[in-house]
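Reviewing the structure listed below.
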Amino acid sequence: MAELAHAIPAVDMINATSRLQLEAAETNAIMIVIKVRANKPNWGSYLRSQMIPQEDFNFITAYENAKSKEERDVVLTENDSNGQAARTIVNLIANVAKDQNVRYVLTLLDDMLQEDKSRVEILHTAARKQKRTVWSWFLGILQRQDNFIVNQMSSIIAKLACFGTTLMEGSELNYYFSFLKDQLRNTTVLIYFLYDEILILPHFLNSVGYILFILKVYFLMAFFQVIRIIMATFSNILKKVDEREIKREAALQMVQCKTLKTLELMDAKKYDDIELEEDIEFLSEQLHLSVQDLSSFDEYCSEVRIRRANMIRWIHQHLLIYINEAIPVK
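Here the sequence shown stands for residues 1 to 330, numbered as in the UniProt record's numbering.
As C-alpha cells, then:
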C-alpha cells in the first residue's frame with residue numbers, strides 16, 4: 001500500500017478547489033444576470049402611479065423595444081442631445097425603490113456600455129453640462145445593501161473610468177479605491193467583479209500604490225484564474241503603455257513590491273498554462289532589465305511615494321541614499 005501511495009501523482013488540491021470555486025461563482029453570477037434581465041419592470045404601472053415622468057417612460061420603453069444595436073443607437077442618438085437618455089438612466093437608478101428593478105436598470109446600463117464603449121460619453125457629457133462628474137451620480141450606490149446592485153454598479157463605474165476620456169480624480173478616486181480594498185475581505189464578491197476592476201487599474205497609472213494593491217489581491221486570493229489575470233495585467237502594462245516614464249515608474253513599483261521574488265516562486269511551481277508561463281518569463285526579463293537601469297535615487301523616490309500611501313516602512317538606508325544621491329545633485 002505504501003508503494004501504491006507513492007505511485008499516485010501529487011495533486012495541488014488548493015488550486016483544484018480554487019478553480020472549482022471560481023467556476024461555481026462565475027456560473028452563479030451568470031445565472032443571476034440572466035434572471036435579472038428576464039424580470040422586466042412594469043414601467044406602465046410606474047407611469048400611472050406618477051413614480052416616473054412621461055419622458056422617462058418613453059425613453060426606457062423605446063430602448064427596450066429596440067431589436068438590434070442599430071435601433072438602440074437611434075434611440076440613444078435621439079435622446080442624447082437633450083440629455084434625456086442620461087437623465088432617465090440616473091432617475092431610474094436613484095429613484096426606483098425596489099431592489100429588483102434597480103438590478104434590472106443597472107444590468108441594462110452595463111449591457112449598453114459593453115455593447116458600445118463610446119456610449120460612456122453620453123453620461124460623461126450630460127454630467128459636464130451639469131458641472132459635475134458622472135461619479136457623483138453613482139458612487140453612493142456602492143453603499144447599498146444588495147450585493148448584486150453593488151457589484152453591478154462597480155462594474156459600470158469601471159467601464160465609465162476605462163472607456164471614457166474623463167479621469168476619476170481626487171476624493172472620488174480615493175473613495176473608489178477604498179471601496180475596492182474593502183471588497184478584498186469578501187472572497188465571493190471579489191471573484192464576481194475581479195475581471196472588471198483589476199483590468200481597469202492601469203487607467204490609474206499615476207496613482208501611488210496601484211501595483212501593491214494588485215499584489216495584495218494576489219496574496220489574499222491565490223486562485224489560479226486570479227493569478228492569471230494579475231500576471232496578464234502586469235504584462236500588458238509593460239507591453240502596451242506608450243509613455244516611457246509611466247512604464248518605467250510601473251516597473252520600478254513592481255520591483256519595490258518584490259514582484260521578482262514572487263515570479264521566482266511562481267516559475268518554480270510550473271503552472272500548466274502556456275500563456276501564464278510566457279507572462280512570467282516576460283515579466284522576469286523586463287524587471288531584471290529595469291533593475292539594471294535604476295539608480296539608488298530612483299528607488300528612493302519610488303519608496304517615498306509608496307510610503308506616503310502608507311504602504312512601506314521607513315528604514316535607515318533610505319536616509320543614507322538621500323545623503324549620498326540627492327544632496328550631491330544639488
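Glycine included, each C-beta is placed from N, C-alpha and C at the ideal position.
query: Segment contact, 8 Å Cβ cut-off, at least three pairs: the stretch 124-139 with the stretch 147-165; result: yes
query: Under the three-state DSSP convention, the category Tyr46 falls into; result: helix
query: Gly38 vs Gly83 beta-carbon contact at 8 Å; result: The sequence given here places Ala at residue 38; Gly does not occur at that position. The answer is no: Cβ separation not under 8 Å.
query: Residue ranges of each alpha helix (DSSP H) within the stretch 124-150, 4 or longer; result: 135-138
query: As assigned by DSSP and simplified to three states, the class of Lys240; result: helix
query: Any 3 or more C-beta pairs closer than 8 Å across the stretch 112-128 and the stretch 157-165; result: yes
query: Separation of Ser45 from Gln54, as counted between CA atoms; result: 12 Å
query: Reduced DSSP category for Ser290 - H, G, I as helix; E, B as strand; rest coil; result: helix
query: Contact under 8 Å by Cβ, Ser284 with Asp267; result: yes
query: Simplified DSSP assignment, three categories, for Cys257; result: coil
query: 8 Å CB neighbourhood of Asp146 in its chain, flanking five on each side removed; result: Asp99, Val102, Arg103
query: Length of the line joining the Cα atoms of Lys69 and Glu78; result: 14 Å
query: Tyr175, enclosing alpha helix (DSSP H) - first and last residue; result: 170-183
query: When Ile157, Val74, Lys258 are compared against Leu109, the one with the closest alpha-carbon; result: Ile157
query: Option nearest Thr259 by Cα separation, candidates Lys35, Leu287, Asn65, Lys269; result: Leu287
query: For Leu92, the nearest candidate out of Lys129, Lys131, Thr133, Gln50 (CA to CA); result: Gln50
query: Rounded straight-line distance, which links the Cα of Ser235 to that of Glu243; result: 15 Å
query: Straight-line gap, Lys239 to Ile214 (C-alpha atoms, nearest Å); result: 17 Å
query: 8 Å Cβ shell around Arg87 - same chain, five flanking residues per side excluded; result: Glu55, Asp56, Ala126
query: Beta-carbon separation (whole angstroms), Val75 vs Tyr63, contact threshold 8 Å; result: 5 Å
query: Residue from Arg144, Tyr175, Val134, Gln130 whose Cα sits closest to the Cα of Lys159; result: Val134
query: Closest Cα partner of Ser81 within the set Lys35, Val241, Glu249, Arg128; result: Arg128
query: Cβ pair residue 331, Tyr271 closer than 8 Å; result: In this structure the chain extends from 1 to 330, so residue 331 is not present and cannot be described.
query: The alpha helix (DSSP H) enclosing Lys69, as first and last residue numbers; result: 69-78
query: Proximal residues to Leu113 (C-beta, below 8 Å), its chain only, five neighbours per side dropped; result: Arg119, Val120, Ile156, Lys159, Leu160, Phe163
query: Selection from Ala97, Met31, Val241 that minimises the alpha carbon distance to Arg144; result: Ala97
query: Beta-carbon contacts of Ile52 that lie in its chain and below 6 Å, excluding the five residues immediately before and after; result: Tyr46
query: Helix, strand or coil at Tyr271 according to DSSP, with G and I counted as helix; result: coil
query: Asn95 to Val105 span [Cα, whole Å]; result: 11 Å
query: Identity of the residue in Ala85, Gln292, Gly170 nearest Val255 by Cα; result: Gln292
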